[in-house]
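A quick write-up on the structure given underneath.
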Amino acid sequence: MKLRVESFTKSFGAQRVLQDVKLEFDDVHSLVLIGPSGGGKSTLLRIIAGLERPDSGNLFLNDKKVIYQERELLFHRRSVGTVFQAYNLFPHLSALQNISLPLEKVHGHSRVEAKRTAKEILDRFQLLEHAGKSPAQLSGGQRQRVAIARAISIRPKLLLFDEPTSALDPEMTAEVLDVIAELRQEGRDFVLVTHQMGFARSVADQVALLSGGRIVECGQPQQILENPNSAVTKQFLSRILKY
Amino acid sequence: MAESQTARQNGFWMSPDSSPKPASWPAILFNWIIAFLFLTLICTFAFAQLRYNWNWGVLVKYQNFFWRGWFKTLEISSISLVLSTMIGFLAAVAGRSSLLFLRALTRIYIELIRGIPLLVQVSFAFYVIADAIHFGSRLAVGIFTLSLFSGAFISEIIRGGIESVGATQLESARAVGFTKWQTYQYVILPQAVRVILPGLAGMFVSLIKDSSLLSIISIEDFTWNAQQVASLTYSNFECYVPLAFGYLVLTLPITIWIKWLEGRLHFET
Numbered sequence: 146m147k148l149r150v151e152s153f154t155k156s157f158g159a160q161r162v163l164q165d166v167k168l169e170f171d172d173v174h175s176l177v178l179i180g181p182s183g184g185g186k187s188t189l190l191r192i193i194a195g196l197e198r199p200d201s202g203n204l205f206l207n208d209k210k211v212i213y214q215e216r217e218l219l220f221h222r223r224s225v226g227t228v229f230q231a232y233n234l235f236p237h238l239s240a241l242q243n244i245s246l247p248l249e250k251v252h253g254h255s256r257v258e259a260k261r262t263a264k265e266i267l268d269r270f271q272l273l274e275h276a277g278k279s280p281a282q283l284s285g286g287q288r289q290r291v292a293i294a295r296a297i298s299i300r301p302k303l304l305l306f307d308e309p310t311s312a313l314d315p316e317m318t319a320e321v322l323d324v325i326a327e328l329r330q331e332g333r334d335f336v337l338v339t340h341q342m343g344f345a346r347s348v349a350d351q352v353a354l355l356s357g358g359r360i361v362e363c364g365q366p367q368q369i370l371e372n373p374n375s376a377v378t379k380q381f382l383s384r385i386l387k388y
Numbered sequence: 003m004a005e006s007q008t009a010r011q012n013g014f015w016m017s018p019d020s021s022p023k024p025a026s027w028p029a030i031l032f033n034w035i036i037a038f039l040f041l042t043l044i045c046t047f048a049f050a051q052l053r054y055n056w057n058w059g060v061l062v063k064y065q066n067f068f069w070r071g072w073f074k075t076l077e078i079s080s081i082s083l084v085l086s087t088m089i090g091f092l093a094a095v096a097g098r099s100s101l102l103f104l105r106a107l108t109r110i111y112i113e114l115i116r117g118i119p120l121l122v123q124v125s126f127a128f129y130v131i132a133d134a135i136h137f138g139s140r141l142a143v144g145i146f147t148l149s150l151f152s153g154a155f156i157s158e159i160i161r162g163g164i165e166s167v168g169a170t171q172l173e174s175a176r177a178v179g180f181t182k183w184q185t186y187q188y189v190i191l192p193q194a195v196r197v198i199l200p201g202l203a204g205m206f207v208s209l210i211k212d213s214s215l216l217s218i219i220s221i222e223d224f225t226w227n228a229q230q231v232a233s234l235t236y237s238n239f240e241c242y243v244p245l246a247f248g249y250l251v252l253t254l255p256i257t258i259w260i261k262w263l264e265g266r267l268h269f270e271t
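Line order of the protein sequences matches chains A and B.
Residues 146 to 388 (our numbering) make up the first sequence, in order.
Residues 3 to 271 (our numbering) make up the second sequence, in order.
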């Protein structure tokens, strides 16, 4: 994908969360956002997802400008797939319905078609036997995999992951990261916010570190994670890799 | 010490972290019968003390009054149930509108209606408002006032239900691309209903009983008819007994129906 962020600024009340954030990639499949909590990475991701509006700045996705007006944003959100930390799924619907309902109601598939697509995708993620279960009956890892399946089912032009594993234990984390790594292999475009540095390194084309609402450093994962230029990055990495 | 602790565990008060233990159905049935007999005993005793010449004959003689009234109450209640739920839902949604005017309007509506006795509202609606616009249908005014009254309470119940749906769910709905109404239809309401139903059952039961107040603008409902018979025959008590049962026959099915719905809509979170 071609991604250009032109000086995003965003405040919540008196608090400035993003300040003059700029990014430009001509061809990137996977962009990973890292940085300390409160550094602005989730906000940046949410603006890209169309869930939040920037106070100023522009976003170009594949040379197309994203218009931050409610009507246009609705269509923008429908064209990307977003996965959150947790509670992605609708608890009153089965795993299958969680996928098929948006296909049917938002993307205009027929009921039969939506069910079939949902089943195919669940099958691909080895979740077909859980199709009829409600989210409460699934493990945390299974829930996140269903959420990813739902995000993919709409054939999004871009996937957005906001700390998809931070509510999971290590085993379930691995199960979810495997799926994301697989999507990377397929060459799907995504932006990922994570605290898993090892994983960031293995799937990222580009890594951007946000701190204090600014992009501190951006580049190849090897460079950022092994030979950081900025003192902030060094400090962040030493703290996170300490234990 | 140990003894008092067991007593506390098994006794009258339930500790907040435990729910009642499931019981076998014969035990349940047995206890229901005992409880029922216990209450019957008290009533029997009270009525036995009463020195009163019962004249049940009037009920048979004037049964047409009761039937007519009961069906009128059924009609009023059914229409008001539907209408008040619609009003309640609209007010709940309007109360969350982004238009400040709409929010203010709903707030005033709810607080006024909830704070003023229905008796006052009914008389005011019929003798002042309906009269001013030359609208003569008592029944329509009555049903509308009753629905407006219940709707105010129902809207608060629905608002509570809507607000019980977490912000993360709304976010998911937005991310998936649902429109505002689709979010209500497919995400908020199905989840809110669980929270809404118990309160709604109580409200529906109140509404049916409150319909008896419409007799003050001479709507010929169940209560009005019973009062007519009572004053014609000087038999107050005899007339109030069918009144009690007649309302129970209407309210109990509502309670049972909603309990059943609650069970059907149960899902874990």
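For each residue, glycine too, the CB sits at the ideal point set by N, CA and C.
Residue burial classification, residue i (beta-carbon count within 10 angstroms, cutoff 16)
i: B/Gly138; result: exposed
i: B/Pro24; result: exposed
i: B/Met88; result: exposed
i: B/Ala4; result: Annotation note: pLDDT 49 at B/Ala4 (below 50); position unreliable, coordinate value reported separately. It counts as exposed.
i: B/Ile135; result: exposed
i: A/His237; result: buried
i: A/Ala194; result: buried
i: B/Thr8; result: Below a pLDDT of 50, predicted positions are generally treated as unreliable, and B/Thr8, at 49, falls in that range; the measurement from the model is reported next regardless. Looking at its Cβ environment, which holds fewer than 16 other Cβ atoms inside 10 Å, B/Thr8 is exposed.
i: A/Glu308; result: buried
i: B/Ser82; result: buried
i: B/Tyr54; result: exposed
i: A/Tyr388; result: exposed
i: A/Val257; result: exposed
i: B/Phe239; result: exposed
Residue i vs residue j beta-carbon contact at 7 Å
i: A/Ala349; j: A/Pro366; result: yes
i: A/Ala240; j: A/Lys264; result: no
i: A/Val228; j: A/Ala296; result: yes
i: A/Phe402; j: B/Val251; result: The structure shown does not extend to residue 402 of chain A, since chain A spans only 146 to 388, so no value can be given for it.
i: B/Leu209; j: B/Ser152; result: yes
i: B/Ser237; j: B/Val60; result: yes
i: A/Val150; j: A/Gly358; result: no
i: B/Leu199; j: B/Glu264; result: yes
i: A/Leu355; j: A/Lys186; result: yes
i: B/Gln184; j: A/Lys250; result: yes
i: B/Ile221; j: B/Arg161; result: no
i: A/Ser156; j: A/Gly202; result: no
i: B/Ile30; j: B/Phe128; result: no
i: A/Asp323; j: A/His174; result: no
i: A/Leu303; j: A/Val225; result: yes
i: A/Val361; j: A/Ser375; result: yes
i: B/Thr75; j: B/Phe247; result: no
For residue i: DSSP bridge partner residues
i: A/Phe170; result: A/Leu148
i: A/Gln351; result: A/Leu176
i: A/Cys363; result: A/Ala353
i: A/Phe335; result: A/Ser175 and A/Leu304
i: B/Asn66; result: None; B/Asn66 has no bridge partner.
i: A/Phe157; result: A/Gln160
i: B/Phe269; result: For B/Phe269, which the question treats as bridged, DSSP gives no partner whatsoever.
i: A/Ser201; result: A/Thr154
i: A/Val228; result: A/Phe306
i: A/Leu206; result: A/Leu148 and A/Lys209
Selection from the options that minimises the alpha carbon distance to residue i
i: B/Gly144; options: B/Trp34, B/Leu102, B/Trp27 and B/Ile78; result: B/Ile78
i: B/Tyr64; options: B/Gln229, B/Leu102 and B/Gly97; result: B/Gln229
i: A/Gln230; options: A/Ser245, A/Leu241 and A/Arg191; result: A/Arg191
i: A/Arg269; options: A/Ser311, A/Arg290, A/Ser284 and A/Ala259; result: A/Arg290
i: B/Phe49; options: B/Glu264, B/Val243, B/Ala96 and B/Gly265; result: B/Val243
i: A/Ala294; options: A/Leu206, A/Lys209, A/Arg222 and A/Ser245; result: A/Ser245
i: B/Met205; options: B/Gln193, B/Ser157, B/Ala169 and B/Pro192; result: B/Ser157
i: B/Gly90; options: B/Ile44, B/Ser237 and B/Phe155; result: B/Phe155
i: B/Ile260; options: B/Pro22, B/Leu76 and B/Arg196; result: B/Arg196
i: A/Leu218; options: B/Pro18, B/Ala132 and B/Arg176; result: B/Arg176
i: A/Lys167; options: A/Ala159, A/Val173 and A/Thr154; result: A/Thr154
i: A/Pro181; options: A/Gln351, A/His340, A/Glu371 and A/His254; result: A/His340
i: A/Ile299; options: A/Glu327, A/Phe381, A/Gly253 and A/Glu331; result: A/Gly253
i: A/Ala326; options: A/Val177, A/Val257 and A/Gln242; result: A/Val177
i: A/Arg284; options: A/Pro301, A/Ser311 and A/Met317; result: Contrary to the premise, residue 284 of chain A reads as Ser rather than Arg in this sequence. Cα-wise, what sits closest to A/Ser284 is A/Met317.
i: B/Val167; options: B/Asp19, B/Gly179, B/Leu148 and B/Gln187; result: B/Gln187
i: B/Phe269; options: A/Asp165, A/Ala281, A/Leu196 and A/Gly184; result: A/Ala281
i: B/Pro192; options: B/Lys211, B/Val178, B/Phe180 and B/Ile164; result: B/Ile164
Against chain B: residues of the region 191–206 of chain A by CB proximity under 8 Å: Ala194 and Leu196
Chain A contacts from the region 173–193 of chain B (Cβ-Cβ distance under 9 Å): Glu173, Ser174, Ala175, Arg176, Ala177, Val178, Gly179, Phe180, Thr181, Gln184, Gln187, Tyr188, Val189, Pro192 and Gln193
Interface residues of the region 236–252 of chain A facing chain B [CB-CB below 7 Å]: Pro236, His237, Leu246, Pro247, Lys250 and Val251
Residues, ordered as in the chain, of the region 260–281 of chain A that lie near chain B by beta-carbon distance below 7 Å: Ser279 and Ala281
Interface residues of the region 44–70 of chain B facing chain A [CB-CB below 7 Å]: none
Members of the region 147–174 of chain B near chain A, C-beta cut-off 9 Å: Gly168, Thr170, Gln171, Glu173 and Ser174
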